[in-house]
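When the letters of the sequence shown are read in order and numbered with this note's numbering, they come out as residues 1 to 424.
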Amino acid sequence: MDKNWKIETKAIQAGYEPKDGEPRVMPIVQSTTFKYDNAQCVADLFDLKREGFFYTRLANPTVDAFEKKMAALEGGVAAVALSAGQTASLLSILNVCPAGYHVIASGALYGGTVTLFSERIKKMGVTVDYVPANATKEEIIAASNDKTRAIFIEVLTNPSLTVTDFEQFSAAAKELGVPLIADNTFPSPYLCNPLEHGADFVVHSATKYIDGHAVTLGGVVVEKGGFNWNNGKFPEFTEPDPSYHGLVYTEAFPASPASVKMRVQWVRDIGTPMMPFNAFLCNMGLETLPVRMERHCENALKLAEHLQKHEKVSWVNYPFLKDSPEYERAQKYLRGGSGVLCFGVKGGKAAGEIVMNSLKLAAIVVHVADVRTGVLHPASMTHRQLTEEELVAAGVSPDLIRVSVGLENIDDIIADFDQALAKV
Ligand SMILES: *Cc1c(COP(=O)(O)O)cnc(C)c1O
């Protein structure tokens, strides 16, 4: 791969370079195991003295090609592909923050991340405190304590579509000496590269725009590299790991210690890798990501502008609308607003339900980022486990309808919303 290639080229060419006579397309290596000539080869692989594949729970050639492409697209040194976006969020935290320690998170987060943080990892001994997505560096630092080991944000939040202010969070992370982890699911690597804005890790639900066709779950964590783990806060990185004969990650793997650690500790021991067939699908999705994202953004902006003028619509939220409170930050950090917009219908939740039930082309689905247009009512669906306070923090009003604008012809999409709004 040529490092200077543009993202459109990398999306197609990075990650797999076939040698003479090998398949042009990375095949699905649907094998759990790999054959070696003698026992020493395998012993060396287990000791991480030799690179290669031995068991698909740790690594697999098809998954490896997808990981390399993701690292190239985000500008990181390495990536670990996982079974789902939830696994990526979970392991991004547990890899740097052991039980007894603390995380600061932006309050504007995906509902699944909030329950993961507020319920699940709390029971594992990791506590999370939330700050507003527009918090200042001082407010973020005020939420820290001597146990703080990570800051977690979502770049463009699902579903409130807040553009989180990187500068404040990355400045706070630098001052605290802890990594900044950014969930970049909605922008995808095409609309934003968080590592360029001060993040140390990028998390994706590959289930969304990376796959793009609603056919597979997947997650990925990309490491920027170069983080100073030797500041006294991360002995798991700088002291011998007894589960690997005293391996010290920062010494043995100075380029990407966090990715190696995540793979050989977490993925190996809890068993949450991405499967080869799913990596093949995600990789195929990436090949068309730039062209899909351009059309998703174009269609979403047109629908947002149309709904804004519609007499039955009370409000529309899309970060690339000129009067959006997010517009300035969106221009600064994003190449486009993504395919997701939110709106409310005059008459509130009940009227919104009529619209959702009357749509013909747009389907009611618990999904975003598909080529097909879909709608969802977060307060009664994805975010129904959240308390009222958490709903407010996540920016979910009771009447909010989330639209994932697909790649159909925009005139057909607009006509569908018009006929549904006419039923109110
Ligand atoms: C969907 C989503 C997740 C969770 O991903 P899964 O692949 O469904 O586990 C995490 N973060 C964001 C922003 C999402 O939209």
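Where a beta carbon is used, it is the ideal one built from N, C-alpha and C, also for glycine. Just so you know, these numbers come straight off a predicted model, no measurement behind them.
Beta-carbon spacing of residue i, residue j below 7 Å
i: Lys208; j: Val368; result: yes
i: Ala11; j: Met1; result: no
i: Ala199; j: Ala171; result: no
i: Arg295; j: Leu407; result: yes
i: Arg268; j: Leu58; result: yes
i: Ala143; j: Thr164; result: no
i: Ser188; j: Gly395; result: no
i: Asp64; j: Ile104; result: no
i: Phe237; j: Pro257; result: yes
i: Glu202; j: Asn230; result: The sequence as given places Val at residue 202; Glu does not occur at that position. For Val202 and Asn230, no; Cβs fall outside 7 Å.
i: Ala363; j: Asp416; result: no
i: Leu191; j: Gly374; result: no
i: Asn95; j: Met274; result: no
i: Ala393; j: Leu341; result: no
i: Leu176; j: Thr148; result: yes
i: Ser338; j: Phe234; result: no
i: Ser259; j: Gly85; result: no
i: Phe152; j: His197; result: no
Buried/exposed call for residue i, threshold 16 Cβ in 10 Å
i: Ile270; result: exposed
i: Asn228; result: exposed
i: Met381; result: exposed
i: Val215; result: exposed
i: Gly125; result: exposed
i: Lys322; result: exposed
i: Lys332; result: exposed
i: Thr56; result: buried
i: Asp146; result: exposed
i: Asp418; result: exposed
i: Ala350; result: exposed
i: Trp370; result: The amino acid at residue 370 is misidentified as Trp; the sequence shows Asp. With 16 or more Cβ atoms within 10 Å of its Cβ, Asp370 is classed as buried.
i: Glu326; result: buried
i: Pro276; result: buried
i: Thr387; result: exposed
i: Phe405; result: Sequence inspection shows Val at residue 405; the Phe mentioned does not correspond to that position. So Val405 counts as buried.
i: Pro378; result: buried
i: Gln40; result: exposed
i: Val291; result: exposed
i: Lys69; result: buried
i: Pro61; result: buried
i: Asp399; result: buried
i: Asn38; result: exposed
i: Lys35; result: exposed
i: Gln168; result: buried
i: Arg329; result: buried
i: Lys123; result: exposed
i: Val131; result: buried
i: Ile360; result: Sequence inspection shows Lys at residue 360; the Ile mentioned does not correspond to that position. Under this definition Lys360 is an exposed residue.
i: Val264; result: buried
i: Ala99; result: exposed
i: Val25; result: exposed
i: Lys224; result: buried
Rounded distance between the beta-carbons of residue j and residue i, thought under 8 Å
i: Glu154; j: Ser106; result: 6 Å
i: Leu289; j: Ile410; result: In fact, because the Cβ distance is near 20 Å, the residues do not count as touching under 8 Å.
i: Val424; j: Gly347; result: 6 Å
i: Ile401; j: Gly344; result: 7 Å
i: Leu156; j: Leu376; result: Contact flag wrong, Cβ pair sits at about 16 Å.
i: Ala150; j: Pro194; result: In fact, because the Cβ distance is near 14 Å, the residues do not count as touching under 8 Å.
i: Leu48; j: Ala173; result: Actually they do not touch by this definition, with Cβ atoms about 29 Å apart.
i: Ile141; j: Ile121; result: Their Cβ separation, rounded to whole angstroms, is 22 Å, which puts Ile141 and Ile121 out of contact at 8 Å.
Cβ pair count under 8 Å reaching 3, the stretch 292-304 against the stretch 104-118: Touching, no, given that fewer than three Cβ pairs across the two stretches are closer than 8 Å.
Counting Cβ pairs closer than 8 Å, one from the stretch 274-292 and one from the stretch 210-222, do we hit at least three? Touching, yes, given that three or more Cβ pairs across the two stretches are closer than 8 Å.
- Is the stretch 111-127 touching the stretch 76-96, taking contact as three or more C-beta pairs under 8 Å? Three or more beta-carbon pairs drawn from the stretch 111-127 and the stretch 76-96 are found closer than 8 Å, and the two stretches are therefore classed as touching.
Item to check | Meets three-Cβ-pair contact criterion under 8 Å: the stretch 232-243 and the stretch 20-37 | outcome: Result no; under three Cβ-Cβ pairs closer than 8 Å.
- Can we say the stretch 18-27 touches the stretch 70-77, given the rule of at least three CB pairs closer than 8 Å? Short answer: they don't touch.
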